[in-house]
Amino acid sequence: MTTGPAPVLIVGAGPTGLTLAAQIHAHGGRVRIVERRLAYRRSRAFVVHPRTLELLAPLGVVPALLARGDPSARASLRAGGRSASVRLAHPGIRDTAYPFLLAIAQVAVEQVLEAHLRKVGVRVERGVELVTLAQRPDIVEFWLRHRGGHRERGEARYVVGCDGAGSTVRRAAGIGFPGRDYRTTLLMANLDADGDLQKSTINGYVGADGLLFLFPSPDIAPWRLLVAGGPEPGAGAEPDLATLQAVADRFTGGTVRLRDLAWSTTVRLRRGRAVQYRRGRVLLAGDAAHLNSPAGGQGMNTGIQDACNLGWKLALVTTGAAADRLLATYHPERSPVARRVRQLTDLAFLVETGGAAPLRWLRRYGAPLALPLIDGRTVPGWAFRLLAGLTIGYRRSPAVAQPSAAPRRALRAGDRLTDAVVIADGQARWLLELLRPPGFHVLLSDPAGDVDDWTGELARFGVPVHRIGRIARPGVIANPGGSLLRRLGGGTAVYLIRPDGYIGYRSNGPELTGAVRYLRDLLGPEPREVPARR
């Protein structure tokens, strides 16, 4: 069986693949997505970060995610007979509408995203496996195996591997993936438990060997048990209830009794990063591109953010609104992020599970001493921002430009556009709500006098211009407190915001000619009008 060419074939329907399909569709592209599994697999991720929610908000899926998750979740930590409760929300962070870590299982995220795709007419083809692919100068040939055994030959302009750590797409494209195993394996189980456990809370136990977590789970049993460190069976084993209880006793001192085991496994954790995220017409995202430890819940979030970076670029290229060279900006932007995430998670994982004597001493004796100091507190703002993805930026990207110097502490090209409450048409709204129609937007901060006549040229690219000042008046977004205007530099400046919410171009003064030149350079010499879908 042979099918006609599809603009983009996505292999893998986890959070990364589903987000990528939704992003491509939202920006006017067409996509096909296949998944070899017939059903959702057990959740391995249980938190969605603020930056991820900001990036998903234009798709309209955040209300459903908030309804399925818990934005008020807390962490209860215990060590050496002492305990502490730590808030996972940070009300002091005021430049995002989502100042919290959303506790939600990966399977719920996937269900929300797939429901959104069905609503917009994109169907996930389950039970369909990629066998191999071959690149041609202007097309990728691929072979699929459907449930039942019949094979299909197809063609696509681009193929994206979102098919996990053992990516078939990556292997078929010949992309190297150097990496190594962590010494520690991860033990997971779904079961019920009795004891001093707080509902709607991540219950953590610190031991000399590592950490044990018990938190609410929607997967076939009330609790998910996760153990990093400690005595474990070999990778791939399915430990029985007695083995799990013995591990739990070491961490909890026998205060938690496990029962009604529904599922268990151990996983050998790996770290690695693809040497390139693109080879010809084949691209990688999510775990197919990078692997790191589960510390900090970065894996799913990094994959979704890969998709939000790549989706609009693929859509514009495949619809003719941009030249293929736009895709060359994907690896330089996202690979450094994966490197920094791995450094951060490696350090955290070492502290959590490292076997060296000083680290074991720190967990056994230092943790009980530290818990009373953090009880009832919130994670420090700088640490929350780092964990939450609010510090990610692309200042060194080839896809950003800044012809004039920005004032000290002002946002620069490549930075995330910070959010703020503003007044528009007499109503208080978050700024990023006003920029949610998919596409580029221009912010003209503190406009003085008339804008030059390049607004018409921007309109040809489908780019609206938003004026923002301190005082509300017709056609101007007001920032009464001035916090956002200070972040924009305090004077008159032009900010061109990319579809993924990062600043692509910044210049001083009200002239828009530079923004138009930037778009021409970024998208190509003669782009068609940029399409978009709600």
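Remember, the working numbering sits 27 above the position in the sequence shown when you count from 1. From the three backbone atoms N, C-alpha and C, an ideal C-beta is built for every residue, glycine too. Computed from a predicted model, the values in this text were never measured in an experiment.
Coil, strand or helix - residue i by DSSP
i	result
Asp548	helix
Ile401	helix
Tyr67	coil
Leu515	coil
Pro245	coil
Tyr421	coil
Ala504	Here residue 504 is Ile; the residue named in the question, Ala, does not match the sequence. DSSP places Ile504 in strand when its eight states are reduced to three.
Tyr304	coil
Asp219	strand
Gly176	coil
Ala33	strand
Pro554	Confidence is the limiting factor: at Pro554 the pLDDT is only 47, short of 50, which leaves the residue's position unreliable, though a coordinate-based value still follows. In this structure, Pro554 counts as coil in the three-state DSSP scheme.
Leu47	helix
Asn319	coil
Asp190	coil
His358	helix
Ile202	coil
Ala111	strand
Gly326	helix
Arg286	strand
Gln454	strand
Inter-residue spacing [alpha-carbon to alpha-carbon] between residue i and residue j
i	j	result
Gly119	Glu179	54 angstroms
Ile51	Leu377	38 angstroms
Leu296	Val364	20 angstroms
Arg387	Asp236	7 angstroms
Arg560	Val147	Legend: pLDDT at Arg560 = 47, less than 50; position of this residue unreliable, no value from coordinates given.
Arg439	Val406	27 angstroms
Asp527	Val449	20 angstroms
Thr29	Gly39	Only weak support is given to the placement of Thr29: the predicted model assigns it a pLDDT of 46, under 50, and the question is left unresolved by the model.
Arg59	Val139	18 angstroms
Leu550	Phe488	10 angstroms
His173	Leu65	11 angstroms
Cys14	Arg300	Because the chain here runs from 28 to 561, residue 14 falls outside it and cannot be looked at.
Glu152	Leu485	38 angstroms
Asn328	His76	7 angstroms
Tyr532	Gln429	6 angstroms
Trp339	His177	33 angstroms
Ala447	Val344	32 angstroms
Leu115	Val254	20 angstroms
Leu311	Gly483	37 angstroms
Phe278	Arg63	38 angstroms
Gln162	Arg422	32 angstroms
Residue i and residue j closer than 8 angstroms at C-beta
i	j	result
Leu160	Val186	yes
Asp314	Gly416	no
Gly441	Gly420	yes
Ala375	Gly323	yes
Arg308	Val167	yes
Leu398	Ala106	yes
Leu128	Val74	yes
Leu252	Leu241	yes
Ala132	Ser244	yes
Leu470	Ile524	yes
Ala426	Gly516	no
Leu218	Trp250	yes
Arg463	Ala142	no
Thr228	Ala94	no
Gly56	Pro34	yes
Leu104	Gly231	yes
Gly508	His117	no
Beta-ladder partner(s) of residue i, from DSSP
i	result
Tyr232	Arg105, Leu239
Phe127	Ala116
Glu152	Val61
Leu253	Met215, Phe240
Glu182	Glu168
Asp97	Ala130
Gly56	DSSP, once it has assigned bridges, lists no residue as partnering Gly56.
Gln370	Bridge partners of Gln370: none, in fact.
Gln429	Gln429 pairs with nothing; no bridge assigned.
Leu160	Phe169
Asn535	Ala520
Asp527	Its beta-bridge partners do not exist; DSSP assigns none.
Thr292	Met215
Gln208	It should be pointed out that residue 208 corresponds to Asp in this sequence rather than to Gln. Answer is Arg297, bridged to Asp208.
Leu470	His493, Tyr522
Leu311	Gly188
Counting pairs of beta carbons, one from the stretch 221–229 and one from the stretch 312–326, are three or more of them closer than 8 angstroms?
With fewer than three CB-CB distances shorter than 8 angstroms, the stretch 221–229 does not count as touching the stretch 312–326.
Segment contact, 8 angstroms Cβ cut-off, at least three pairs: the stretch 57–77 with the stretch 351–370:
no
Does the stretch 331–346 touch the stretch 41–48, meaning 3 or more C-beta pairs lie closer than 8 angstroms?
The count of Cβ pairs closer than 8 angstroms, one atom from the stretch 41–48 and one from the stretch 331–346, reaches three, so the stretches are in contact.
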